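Data block below; observations after.
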Amino acid sequence: MNNSSNPIIECFCPPSYFGRFCQYYSDRITVITHLDGLKYIYKDHQQLLNITIKVLATFIHNESDIIDHNEIHFASVLNNLQEKQKFYFVYPRPRTLSRNRLYKIRFEAFELNMNTTIRLLAIWEYSIDFNFLPSFRIAKILKFQQKQKQEQQTHHICEINPCQNNGTCYPIINNNDSTMYFCYCVNNSYGKNCEHIDDCSCSVCSSNSLCRPHYHNTDDPLCLCPINRFGPTCHLERKCDMFHNKNPCLNGGSCSVKYDQDALIRDYVCICQAMHYGDHCQYLPGLINIQYLINDINLHSTLASVVQLYNYDFLTLDLILEQQQVYEGQPTYSNIIYAGQLLPSLGFLK
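The numbering of the sequence shown is this note's numbering, which starts it at 8 and goes up by one.
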């Protein structure tokens, strides 16, 4: 910082460091997780093509104080349903140390639909056993239950609904203790049993988002956005919104949100029809028609054939396999579609 009489230096530290010169490590917990058991909720794989799973992870102190949160998204079109997700939370300073498991992480899984609705699917909670360690890693599989088992657990734990103000009781999937439940509160209520009301703070969130009052330990709420919006209050519209006919993809392609915070200008991916490719499905593929002059002897004695297309690397003198197509027997002709602006320079029939 410039000061004409006394110039000073100020360091802006990332969350993992602190101090005058960012010389100290922050105490933190690293979280690694992924989903399992989606087949119990979505019997037909086609159902997964039009939805996104949003997982809200909250770092909690003393049962109710939200220290921090993180959102991760899983979608079939992003090919990340089985991928492990990794992030970290930073402990507050000064940190409370206790043997009573004061810290825990809660995972809430939501279904984001193309019609902009949001549905809660399941909740998991895990206590931090070794909260005295400056750095700790917790790895958990968020596994969904079979429908019948989840209904039995819900009936056992939530038979007498402890939730107030129209809240809905949900069981904690990884805990069968009858005292362990989660109250899913409506937008203007909060607390363990939705016992508190706040009619003012949720007015900042967009009308079709979910509002969680006091999730930042301040008067500001946490706004959970539907599939077509983003931003702190969910008022920013995404360029991809198939339900409202906002589709930047061309030639019959369909778009899907890819949730890349570093690429908000183009935060979508295009799924193209068979005869187009490109970032916006703007290109026609190359088409190769091959006819073979063969005799009857070769035609009947060949068990299998493969057509391979290669490019040539002039620096390494290597052949680079770009595409191949396998046939039973020997074909009399081949129609090959190549998703590229320039066709490969060499072709082989084996």
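Glycine included, each C-beta is placed from N, C-alpha and C at the ideal position. Note that the structure is a prediction, hence the values are computed from the model and not measured.
**Request:** Go through the region 129-201 residue by residue and report every complete run of the alpha helix (DSSP H) that reaches 4 residues or more, in order.
**Result:** DSSP runs (the alpha helix (DSSP H)) wholly in the region 129-201: 154-165.
**Prompt:** Does DSSP put Leu55 in a helix, a strand or coil?
**Reply:** For this step, residue 55 is matched to residue 48 along the sequence shown. Of the three classes helix, strand and coil, the one that applies to Leu55 here is helix, per DSSP.
**Asked** Which word fits Tyr110, buried or exposed, when buried means at least 16 other C-beta atoms lie within 10 angstroms of its C-beta?
**Response** Here residue 110 refers to the residue found at position 103 of the sequence shown. When all chains shown are included, Tyr110 counts as buried.
**Prompt:** For Cys201, which of Cys165, Cys209 and Cys176 has the nearest alpha-carbon?
**Reply:** One-based indexing of the sequence shown puts residue 201 at position 194. Closest by alpha carbon: Cys176.
**Request:** Apply the 10 Å Cβ neighbour rule to Asn296 and answer buried if 16 or more other Cβ atoms are within range, or exposed otherwise.
**Result:** For this step, residue 296 is matched to residue 289 along the sequence shown. When all chains shown are included, Asn296 counts as exposed.
**Message:** For Phe81, report the span of its beta strand (DSSP E) as first-last.
**Reply:** By 1-based counting over the sequence shown, the position of residue 81 is 74. Asp72 to Ala82 is the span of the beta strand (DSSP E), which, as asked, contains Phe81.
**Nearest-angstrom Cα separation, counted from Asn122 out to Ile60** = Mapped onto the sequence shown, residue 60 falls at position 53. Mapped onto the sequence shown, residue 122 falls at position 115. Cα-Cα distance, rounded: 14 Å.
**Prompt:** In its own chain, which residues sit with a C-beta less than 6 Å from the C-beta of Glu118, not counting the 5 before and 5 after it?
**Reply:** Within the sequence shown, numbered from 1, the residue matching residue 118 stands at position 111. Excluding positions up to five away in sequence, the list reads Ile58, Arg126 and Leu128.
**Prompt:** Any idea what DSSP makes of Leu231, helix, strand or coil?
**Reply:** Position 224 of the sequence shown, counting from 1, holds the residue named residue 231. Leu231 falls in the strand class under three-state DSSP.
**Asked** If we count Cβ pairs, one from each stretch, closer than 8 Å, do we get three or more for the region 310-322 versus the region 349-357?
**Response** Verdict: yes, contact present.
**Item:** Through-space distance from Thr161 to Cys368, alpha-carbon basis
**Value:** Nothing about residue 368 can be reported from this structure: the residues present for the chain run from 8 to 357 only.
**Prompt:** What residue range is occupied by the uninterrupted beta strand (DSSP E) comprising Asn342?
**Reply:** Within the sequence shown, the letter at position 335 stands for residue 342. Here the beta strand (DSSP E) through Asn342 covers Tyr340 to Tyr345.
**Prompt:** Helix, strand or coil for Cys209 per DSSP?
**Reply:** Mapped onto the sequence shown, residue 209 falls at position 202. Residue state, collapsed to three classes: helix.
**the region 137-147 in contact with the region 65-83 per 3-pair CB rule at 8 Å** = Because the criterion of three Cβ pairs below 8 Å is not met, the region 137-147 and the region 65-83 do not touch.
**Request:** Return the bridge partner residues of His68 from the DSSP annotation.
**Result:** Reading the sequence shown from its first residue, position 61 is the one you call residue 68. DSSP output for His68 lists Asp72 and Tyr110 as bridge partner(s).
**Identity of the residues DSSP links to Tyr31 by a beta bridge** = If you number the sequence shown from 1, residue 31 lands on position 24. Per DSSP, the beta-bridge partners of Tyr31 are Phe25.
**Request:** Report buried or exposed for Ile135, applying the criterion of at least 16 other Cβ atoms within 10 angstroms of its Cβ.
**Result:** Counting from 1 along the sequence shown, the entry for residue 135 is found at position 128. By the neighbour-count criterion, in which a residue is buried when 16 or more other Cβ atoms sit within 10 angstroms of its Cβ, Ile135 is buried.
**Item:** Coil, strand or helix - Lys357 by DSSP
**Value:** Mapped onto the sequence shown, residue 357 falls at position 350. Lys357: coil per DSSP, three-state reduction.
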